[in-house]
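Numbering (this note's numbering), first residue to last: 447 to 621.
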């Protein structure tokens, strides 16, 4: 009777190891999916926060009298791992309302690695698009900073699920 008991103990241990391996095989893909999702979503949140901060910083620098070339250089250097010099674009614009009430772009400069058209307008004519038609007031200047970013996920989770984050991101700030 002792021999039978000894033989059954290793069998139970082997069965326990087999079920643990099966459970791991079932749970591991879900954990990897969650990990990849957290990585891309976390990077996306960080990038979105960064371009919002950069656009505000640029518009603030413009409104305080910093030259456009100095502002562009500061923003491109401040972009850090986003690398706006290679994967983004910054457009700085000064919009003035003349005595007749017409909006006019008086200065515009841009820099970055991926040129993108300004959504406010272009220097030298054409319509000026602002979110509030009452700003700026007559004979005042509104400074606009637009930041564009080409975002690329680092994990294949989006393509595996059939949906991805936007590849081009945009933020604008007005001062």
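Note that CB positions come from ideal geometry on N, CA and C, so glycine has one too.
- A straight line joining the alpha-carbon of residue 570 with that of residue 550 spans about 8 Å.
- Residues 518, 535, 536, 537, 538, 564 of the same chain have their beta carbon placed closer than 8 Å to that of residue 556, with the five preceding and five following residues left out of the count.
- Straight-line measurement puts the Cα of residue 465 at about 59 Å from the Cα of residue 591.
- Setting aside the 5 residues that flank it on each side, residue 504 is surrounded in the same chain by 517, 521, 591, each with a C-beta closer than 6 Å to its C-beta; the list follows chain order.
- Secondary-structure assignment with DSSP links residue 592 through a beta bridge to 537, 618.
- Between residue 497 and residue 593, the beta carbon gap of about 5 Å places them in contact (Cβ cut-off 8 Å).
- The beta carbon of residue 482 sits closer than 8 Å to those of 601, 602, 603, all from its chain and outside the five residues before and after it, given in chain order.
- Annotation: the continuous alpha helix (DSSP H) that includes residue 604 extends over 603-607.
- Boundaries of the alpha helix (DSSP H) around residue 518: 514-524.
- A buried status is given to residue 525, since no fewer than 16 other beta-carbon atoms sit within 10 Å of its beta-carbon.
- DSSP, reduced to helix, strand and coil, places residue 510 outside both helices and strands of the structure shown, so it counts as coil.
- Listed as beta-bridge partners of residue 553 by DSSP are 540.
- Nearest in C-alpha terms to residue 615, of all of 506, 548, 597, is 597.
- The residues 584, 585, in chain order, have a CB closer than 7 Å to that of residue 545 in the same chain once the five nearest residues on each side in sequence are set aside.
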